[in-house]
Amino acid sequence: MTNVNEPTEILSAATIEKWDDSADVVVIGYGIAGACAALEARRAGADVLVIERASGGGGASALSAGIFYFGGGTDVQRAAGYEDSADNMYDFLMASTGAHDAKLVRRYCDNSAAQFDWLEAQGVPFTRGHYKGKSVIAPTDDCLASTGNEKLWPFKQIAKPVPRGHKVAKEGDGGGALAMDALMTACEAEGVRVEADSRVNAFIRDEKGRIVGVRAKQSDGEKYFGAKNGVVLAAGAFGLNREMVSQYSPQFPDTCEPLGIPNNDGDAIRLGQAAGGDLRSMDGIIATASFYPPEQLIKAILINNKGERFIAEDSYHGRSAQAIMEQPETMAYLVMDSAIFAYPEVGHANHRLIDGWETIEEMETGLNLPKGSLQRTMAEYNEGAARGEDALFHKDSDWLQPLDKGPFAAFEVSYSNSCYYFITLGGLRTSADTQVLDSSGKAIPGLYAAGACASTIAQDGRGYASGLMLGPASYFGRVAGENAARAAG
Ligand SMILES: Cc1cc2nc3c(=O)[nH]c(=O)nc-3n(C[C@H](O)[C@H](O)[C@H](O)COP(=O)(O)OP(=O)(O)OC[C@H]3O[C@@H](n4cnc5c(N)ncnc54)[C@H](O)[C@@H]3O)c2cc1C
2 MTNVNEPTEI
12 LSAATIEKWD
22 DSADVVVIGY
32 GIAGACAALE
42 ARRAGADVLV
52 IERASGGGGA
62 SALSAGIFYF
72 GGGTDVQRAA
82 GYEDSADNMY
92 DFLMASTGAH
102 DAKLVRRYCD
112 NSAAQFDWLE
122 AQGVPFTRGH
132 YKGKSVIAPT
142 DDCLASTGNE
152 KLWPFKQIAK
162 PVPRGHKVAK
172 EGDGGGALAM
182 DALMTACEAE
192 GVRVEADSRV
202 NAFIRDEKGR
212 IVGVRAKQSD
222 GEKYFGAKNG
232 VVLAAGAFGL
242 NREMVSQYSP
252 QFPDTCEPLG
262 IPNNDGDAIR
272 LGQAAGGDLR
282 SMDGIIATAS
292 FYPPEQLIKA
302 ILINNKGERF
312 IAEDSYHGRS
322 AQAIMEQPET
332 MAYLVMDSAI
342 FAYPEVGHAN
352 HRLIDGWETI
362 EEMETGLNLP
372 KGSLQRTMAE
382 YNEGAARGED
392 ALFHKDSDWL
402 QPLDKGPFAA
412 FEVSYSNSCY
422 YFITLGGLRT
432 SADTQVLDSS
442 GKAIPGLYAA
452 GACASTIAQD
462 GRGYASGLML
472 GPASYFGRVA
482 GENAARAAG
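So for the sequence shown, my numbering puts the first residue at 2; every next one is plus one.
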């Protein structure tokens, strides 16, 4: 069995006695970022070698739901009657995500609509349908859906809310596999070479400090691969490495289950660090165990174990999950009346019905809340809801309705008694041109990074929108591939 934390090192090119193979561009990892990098490098005229640790490509990308966050006036947005612009998208992302690098966000927004067209041109299927309901993953094959906090206060006042989730044409979950099939078919057709079952475990640097190759472990020993122009690191996230998750997010509940493939264990981060790369937002995580659908449950309220509300319940599910994580003992309840009662539909979230009570006072006692707390919270909420106002958190009036029709019920949405899943968002700090940067902000020559191993737009669950991993991974993968191909060796 291999050690997940296998040390990575940096080797001097002068010590390599025999190169086993070489290419103009070496891409590490064959998920969506790697496939897009390989295609674009190839089209820029480079001989491209992808080195992949698994026996075939796909990565976590092929497991994903296939939702891409695109905007700025995509063909699908226009077909559904929405007007969006790169400026509008930029204003929203800058206000809501906490992204550090305005130039990088600007570049993504300016190229977002064209990136959608590019994916479609590679054979990734998208319909022109629009799913209008509130869901985590649209159950239909419709493309467009709201997958973020666009309609949430205060963002709706900063940028015009429009839907930007673009899902691959597949009913419900699983569109990522279709996207990867199309991209890997294009890579094969265009002569991208792939070396599978090869785990990169070191970079090779020349005397001028340029990354000029990699070492990879194969079943019959270690091999050396030269990269004449550049190396693109696209080896994915680190969520499957518990040690790393607790190192970077010591407060993160260990009851939370990671989503991904076993190889999402942080090799890319350690390799990048060994080359001098700086890291950013390594504690950034999006966790989810959505309490909706059904969407009527958005009319319920979330309370903590002090009987207090703490977030607008019409937030995107990742934002509510982050807020729940920040409550005392990560405990929270979803409280409703009989008019809106329903069971949460996301089965794996495992939100347990605690009980039903005739009165709010009985519910307060049943939930072991401080005396008077829930009665006060609900009286204030109901009084505002009757007027269509939520003075505390500005929940939209569409979701406001007094919760006053007993009996009442509560579901447990705490981390300890529900099942939350997560992916990591932090990674190597890169420029808008995808060069890996050191702690002084200087580019490491010959080294580019894209995908989940690079920190781009999404920083944490509070600001996450579904599609903010696949979208930037696909776009910045292309940028990395093209830049690596054109770099002077
Ligand atoms: C179940 C699930 C659903 C998701 N749904 C969405 C969604 O709908 N929208 C969205 O935006 N995001 C989604 N995500 C997140 C998104 O899928 C990932 O962030 C994205 O796919 C990362 O792409 P990548 O190319 O960087 O990494 P990956 O697709 O993970 O590819 C990395 C590749 O690198 C390889 N590798 C690792 N180490 C080495 C090494 N040392 N040497 C060589 N190769 C190596 C791996 O084997 C892997 O093939 C989802 C994630 C999961 C798990």
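A virtual CB, placed ideally from N, CA and C, is assigned to each residue, including glycine.
Counting the other Cβ atoms within 10 Å of the Cβ of R79 gives fewer than 16, which makes it exposed. In this structure, ligand 1 has no non-hydrogen atom nearer than 7 Å to the beta-carbon of L12. The beta carbons of Y382 and R310 sit about 7 Å from each other, so the pair counts as a contact at 8 Å.
Fewer than three Cβ pairs drawn from the stretch 294-306 and the stretch 437-451 lie within less than 8 Å of each other, which leaves the two stretches out of contact. Taking 8 Å as the upper bound for CB-CB distance, I287 and F423 are in contact here, some 6 Å apart. Rounded to whole angstroms, G478 and G237 show a C-alpha spacing of 12 Å.
For R165, DSSP assigns no beta-bridge partner whatsoever. Contact between V49 and V26 holds, with the beta-carbon distance rounding to 5 Å and staying under 8 Å. Using a Cβ distance threshold of 8 Å, A61 and N265 count as a contacting pair. Ranked by Cα distance from P329, the options N305, I458, S374 are led by N305. In this structure, the beta-carbon distance from G73 to S56 does not fall below 8 Å. In this structure, the CA atom of P408 is about 18 Å from the CA atom of L370. Nearest Cα to I262 within the set F253, G240, D279: G240.
L404 has its alpha-carbon roughly 17 Å from the corresponding atom of L368. Excluding sequence positions up to five before and after G462, its CB lies within less than 7 Å of the CB of I286, I287, A288, G319, R320, A322, Q323, all in the same chain and listed in chain order. Three or more beta-carbon pairs drawn from the stretch 27-36 and the stretch 468-487 are found closer than 8 Å, and the two stretches are therefore classed as touching. Of all alpha-carbon atoms in S456, N230, R165, the one lying nearest the alpha-carbon of G99 is that of S456. A203 sits close to T9, with the two beta carbons spaced by under 8 Å.
Between the C-alpha atoms of K229 and Q116 there is a straight-line separation of about 28 Å.
Taking M185 as the centre and dropping the five residues before and after it, the same chain places the C-beta of Y31, A36, G58, G59 closer than 8 Å to its C-beta, in chain order.
In this structure, DSSP gives N230 an extended state, which the three-state scheme calls strand.
Judged by the Cβ position, R200 qualifies as a neighbour of ligand 1 at the 7 Å threshold, a heavy atom of the ligand being closer than this. Per DSSP, S374 is one residue of the alpha helix (DSSP H) stretching across 374-387.
In the three-state DSSP reduction, L303 falls in the strand class (E or B). With respect to the C-alpha of C188, the residue from L280, R44, M90 having the closest C-alpha is R44. By the 16-neighbour rule on beta-carbons within 10 angstroms, D143 is buried. The three-state secondary structure of F423, taken from DSSP, is strand.
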